[in-house]
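*Asks:* Per full-length UniProt numbering, the sequence shown runs over residues 1 to 98.
Ideal placement from N, C-alpha and C gives every residue a C-beta, glycine not left out.
Below: one structure in structure tokens.
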Amino acid sequence: MDDERPKKKLLEQVSDLLRALEYAKSTEDTYIQWIRRFILFHEKRHPQDMGVTEVKAFLTHLAVNDGVAASTQNHALSALSFLYREVLKQEQVAEQLS
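Next up, the structure:
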């Protein structure tokens, strides 16, 4: 019998993986928030269809337009690096973000 369950939405996949890896609940909440903001910033494009250029544009926007601190920008980068490395399995993108 084939597994006919629908594929989980991206943010559910992120949450599930963070929980499986035993990340703190606060980290999970923060990562989900940054990934959601990234997607909304790029007009709801799926991260699978984006890459380094879009991540850099988002981080630049945070610094220039939102005036976030460098540490806040680093939290956003960590969340997006996790997304690309662990969830989307796009190691090449994640490496370029490091």
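Quick check on L80: buried or exposed, where buried means 16 or more other Cβ atoms within 10 Å of its Cβ?
*Replies:* The residue labelled residue 80 in the question sits at position 80 within the sequence shown. L80 comes out buried.
*Asks:* Quick test of the definition: if touching needs 3 or more C-beta pairs under 8 Å, does the segment 44-59 touch the segment 85-98?
*Replies:* yes
*Asks:* Per DSSP, what kind of secondary structure is V55 in: helix, strand or coil?
*Replies:* Mapped onto the sequence shown, residue 55 falls at position 55. The answer is helix: DSSP assigns V55 an H, G or I state.
*Asks:* At the level of alpha carbons, what is the spacing between K7 and H75?
*Replies:* Position 7 of the sequence shown holds residue 7. Position 75 of the sequence shown holds residue 75. Their backbone Cα atoms lie some 28 Å apart in a straight line.
*Asks:* Residue range of the alpha helix (DSSP H) that N74 falls in?
*Replies:* The sequence position of residue 74 within the sequence shown is 74, counting from 1. Per DSSP, N74 belongs to the alpha helix (DSSP H) from A70 to F82.
*Asks:* Between the Cα of S78 and the Cα atoms of K9, L10, E12 and F38, which residue gives the shortest distance?
*Replies:* As a first step, residue 78 must be located in the sequence shown, where it is residue number 78. Ranking the options by Cα distance to S78, first place goes to F38.
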